[in-house]
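So the protein lines, in turn, are chains L and X. Counting from 82, one number per residue, gives the positions in the first sequence under the numbering used here. Counting from 1310, one number per residue, gives the positions in the second sequence under the numbering used here. Note that the Cβ used here is the ideal one computed from N, Cα and C, for glycine as well. Here's the structure we're looking at; comments come further down.
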Amino acid sequence: MCGIVGLFIKNPVLESQLGALVAPMLSEMTERGPDSAGIAVYRDPHESGCKVTVLTEGLDFDWDALESAIKAVFALSKISVIHNQAVLFVDAPISDVQHWLDRNYPELSITSAGTNIEIFKGKGDPLDFIEKFDIKSMSGTHALGHTRMATESAITTEHSHPFSTGQDLCLVHNGSLSNHNRLRETLRRRGVQFKTDNDTEVAAGYLSWRLSEGDDLEQALNHAIDDLDGFYTFAIGTKDGFAVMRDPIGCKPAIMAETDDWAAMASEYRAIATLPGAENARIWEPEPTQIYSWKRN
Amino acid sequence: MAEINLHTDSVRSLNEALQGAASGDKFSINNTRGKHAVSVGLTTAVNVEINGHVGYYCAGMNQQANITIKGNAGPGLAENMMSGKVHVTGNASQYAGATAHGGLLIIEGDASSRCGISMKGVNIVVGGNIGHMSAFMAQSGCLVVCGDAGDALGDSIYEARLYVRGHVASLGTDCIEKEMRAEHTEQLESLLQLSGMNHNVNEFRRYGSARKLYNFDIDQVDAY
């Protein structure tokens, strides 16, 4: 069991309250996933270059040294450190930054890359995570969150969701995949790299691979229905919005709601009930294998 | 009428109050906000009105009580109900009325997948559509669907009666369409009337067990 939430702001006035609206949704899902939590937030676009979020397991990492080292190679406009994670705003192509980080700082994990996305995650009580990363103060256009109850792999920050699936893309998952070991090996042979033995990372890697093969998100998700075996409700964050899809059996719960001000998804209605105007929202349960998506026009 | 506000009162204290109430007592429950296990394990004919959406397992194991939910219900609504009435004005999520032995479950909107799974005598009336695998291994009782039914309706069904007004996406193993005889029309009419649904019974079709799975078939021996 895990909990997932997604919130897409339709009324720009509410963008400054994104974190304040998502944090209670995530808190409500604590019982579904008390092991760890994570959030992908889309905000502060850095169109002149890229934003890369990095993670280190320990707290003793020398961020000042990293800043100096990056500045020696790239035009670094900002580094924003939160706890054991940092967002790098770099005026350079994403692939150059990623290759440089992989080569020079293998102890850092790149959790997201793009122009809008930032991913933060941490093991332990989701309520502590919300406080530690000051989620409530975050503004932005949309966010996806996850609370994890591990069933198939270890409880570490790296095993926590969301997982990056490409530039400005990420995945959160409620469920379990049964063919992830075989699929991981297949994808490794095709050049996809994995950092953990987590099943959701395989789903993320699969979607990345399909997208790199030329699929759009909808095509990649339709291929996933054929190739992923198991139970899943997926929420996929994109630069402009997010998409939701359940497996053909539809065991894992999901509920969606929409008002003039926002569109939301969650594992349970009680997470959506925290949003303003939820009692009068249009509410429905997503059909299995149907892709639901919201996008900024 | 006693009013209970779940913003200030716990679900546990609510259920204790309801389980200790006398037949005929009336309760109004507010601020449910998707909470789990609201109004469960009731054993007397109390009247409960729930204002708002509820989460998992609302009205579970109900006996005799008359429970109305003005909103939507999460997974496991009226699971294992024995008797009484549970009425939802909105939609119900997965496995509504699962394993229920008796009573009447009315869902005015849609019911999701696995509605009436392993039902054992309950009558379920759904105003809208139902999802896939509904009435799986249904043993007895009636499932009335005024809209459409999803895939694999009545898979491995025993003796429950399924009445569907709209389109059936597909029938499950051993579930077939059956003749609507006078006794069925009468039963359906009575269930629709009890549920406040206004439809012409002639628009419904009946489905039930072909009874081919009841006994071992020697021609299938190679499968084992």
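Run the CB neighbour count on residue i, radius 10 Å, all protein chains shown included, and call it buried at 16 or more, exposed below.
| i | result |
| --- | --- |
| D328 of chain L | buried |
| A85 of chain L | It is Ile, not Ala, that sits at residue 85 of chain L in the sequence shown. It counts as buried. |
| R1428 of chain X | The amino acid occupying residue 1428 of chain X in the given sequence is Met; Arg does not appear at that position. So M1428 of chain X counts as buried. |
| K132 of chain L | buried |
| G1393 of chain X | buried |
| K1335 of chain X | exposed |
| Y350 of chain L | buried |
| Q371 of chain L | exposed |
| K376 of chain L | exposed |
| G1517 of chain X | buried |
| S129 of chain L | exposed |
| Y1404 of chain X | buried |
| M1442 of chain X | buried |
| I1527 of chain X | exposed |
| L1503 of chain X | exposed |
| M1310 of chain X | exposed |
| T1482 of chain X | exposed |
| D1419 of chain X | buried |
| Y1365 of chain X | buried |
| G272 of chain L | exposed |
| K427 of chain L | Residue 427 of chain L lies beyond the range of chain L shown here (82 to 378); nothing can be said about it. |
| D1464 of chain X | buried |
| Y1533 of chain X | exposed |
List, in chain order, every chain L residue whose beta-carbon is nearer than 9 angstroms to that of residue i.
| i | result |
| --- | --- |
| G1383 of chain X | P334, I336, E349, Y350, R351 |
Residues of chain L with a CB under 7 angstroms from the CB of residue i: which are they?
| i | result |
| --- | --- |
| R1342 of chain X | R351, A354 |
What residues from chain L crowd round residue i, counting only those whose CB sits closer than 8 angstroms?
| i | result |
| --- | --- |
| S1402 of chain X | P334, I336, E366 |
With H, G and I counted as helix, E and B as strand and the rest as coil, what does DSSP make of residue i?
| i | result |
| --- | --- |
| H1508 of chain X | coil |
| P243 of chain L | coil |
| S1422 of chain X | coil |
| M337 of chain L | strand |
| Q179 of chain L | helix |
| K1521 of chain X | coil |
| R270 of chain L | helix |
| R377 of chain L | coil |
| N262 of chain L | helix |
| A1532 of chain X | helix |
| A352 of chain L | helix |
| E299 of chain L | helix |
| L1501 of chain X | helix |
| K1394 of chain X | strand |
| Y1516 of chain X | strand |
| G114 of chain L | coil |
| T1377 of chain X | strand |
| G286 of chain L | helix |
| L189 of chain L | coil |
| E1388 of chain X | coil |
| A1401 of chain X | strand |
| R1342 of chain X | coil |
Chain X partners of residue i, CB-CB under 9 angstroms?
| i | result |
| --- | --- |
| G358 of chain L | None at all; the shortest Cβ gap to chain X is about 13 angstroms. |
| G311 of chain L | Ordered by position in chain X, no residue passes the 9 angstroms Cβ test against G311 of chain L, which lies about 17 angstroms from the chain. |
| G84 of chain L | Chain X residues near G84 of chain L: none, gap ~12 angstroms exceeds 9 angstroms. |
| G114 of chain L | By Cβ distance, chain X contributes nothing, its closest Cβ being about 15 angstroms from G114 of chain L, past 9 angstroms. |
| G130 of chain L | Here the premise fails: no neighbours, minimum Cβ distance about 42 angstroms. |
| G203 of chain L | Simply none; closest approach about 26 angstroms. |
When every heavy atom of the ligand ATP is checked, does at least one fall within less than 6 angstroms of the C-beta of residue i?
| i | result |
| --- | --- |
| L1503 of chain X | The ligand content of the structure shown is nil, which means the ligand ATP is not present either. |
Which residues in chain X sit within 7 angstroms of residue i, going by Cβ to Cβ distance?
| i | result |
| --- | --- |
| L256 of chain L | A small correction: the amino acid at residue 256 of chain L is Gly; Leu does not occupy that position in the sequence shown. Residues of chain X passing the Cβ test: none, with the nearest at roughly 14 angstroms. |
Quick one: which chain X residues come within Cβ less than 8 angstroms of residue i?
| i | result |
| --- | --- |
| G87 of chain L | Ordered by position in chain X, no residue passes the 8 angstroms Cβ test against G87 of chain L, which lies about 16 angstroms from the chain. |
| G195 of chain L | By Cβ distance, chain X contributes nothing, its closest Cβ being about 33 angstroms from G195 of chain L, past 8 angstroms. |
| G139 of chain L | Ordered by position in chain X, no residue passes the 8 angstroms Cβ test against G139 of chain L, which lies about 38 angstroms from the chain. |
Where the stretch 217-246 of chain L meets chain X: residues whose CB sits under 8 angstroms from a CB there
Listed by position along the chain: nothing, the set is empty.
Taking beta-carbon pairs under 7 angstroms, can you tell me which members of the stretch 1414-1432 of chain X lie near chain L?
Listed in sequence order: S1421, S1422.
When you check each C-beta in the stretch 1352-1367 of chain X against every C-beta of chain L, which residues fall closer than 9 angstroms?
Flagged, chain order: G1361, H1362, V1363, G1364, Y1365.
Would you call the stretch 103-122 of chain L and the stretch 206-217 of chain L touching, i.e. three or more CB-CB distances under 8 angstroms?
Cβ pair count under 8 angstroms is three or more, so yes.
Is there contact between the stretch 299-311 of chain L and the stretch 342-360 of chain L, where contact requires at least three CB pairs shorter than 8 angstroms?
Flag = no, the stretch 299-311 of chain L and the stretch 342-360 of chain L do not touch.
Would you call the stretch 163-176 of chain L and the stretch 130-145 of chain L in contact, with 3 or more CB pairs under 8 angstroms?
Judged by pairs of C-beta atoms under 8 angstroms, the stretch 163-176 of chain L touches the stretch 130-145 of chain L, as three or more such pairs exist.
Do the stretch 1463-1482 of chain X and the stretch 1371-1387 of chain X make contact, defined as three or more Cβ pairs closer than 8 angstroms?
With the rule of 3 Cβ pairs closer than 8 angstroms, the stretch 1463-1482 of chain X does not count as touching the stretch 1371-1387 of chain X.
Contact the stretch 339-354 of chain L vs the stretch 84-104 of chain L: 3+ CB pairs below 8 angstroms
With a cut-off of 8 angstroms, the stretch 84-104 of chain L and the stretch 339-354 of chain L count as touching, because enough Cβ pairs lie within range.
Are the stretch 1343-1351 of chain X and the stretch 1311-1326 of chain X touching, with three or more C-beta to C-beta distances below 8 angstroms?
Yes, the stretch 1343-1351 of chain X is in contact with the stretch 1311-1326 of chain X.
Quick check: the stretch 280-294 of chain L against the stretch 228-244 of chain L, are at least 3 beta-carbon pairs closer than 8 angstroms?
The stretch 228-244 of chain L, when compared against the stretch 280-294 of chain L, does touch it at the 8 angstroms Cβ threshold.
With contact counted as at least three CB pairs below 8 angstroms, one residue from each stretch, are the stretch 1436-1456 of chain X and the stretch 1490-1506 of chain X in contact?
In this structure the stretch 1436-1456 of chain X touches the stretch 1490-1506 of chain X; the number of beta carbon pairs closer than 8 angstroms is three or more.
Using 8 angstroms as the Cβ pair cut-off and three pairs as the minimum, do the stretch 211-220 of chain L and the stretch 271-282 of chain L touch?
Between the stretch 211-220 of chain L and the stretch 271-282 of chain L, the count of C-beta pairs closer than 8 angstroms stays below three; the two stretches do not touch.
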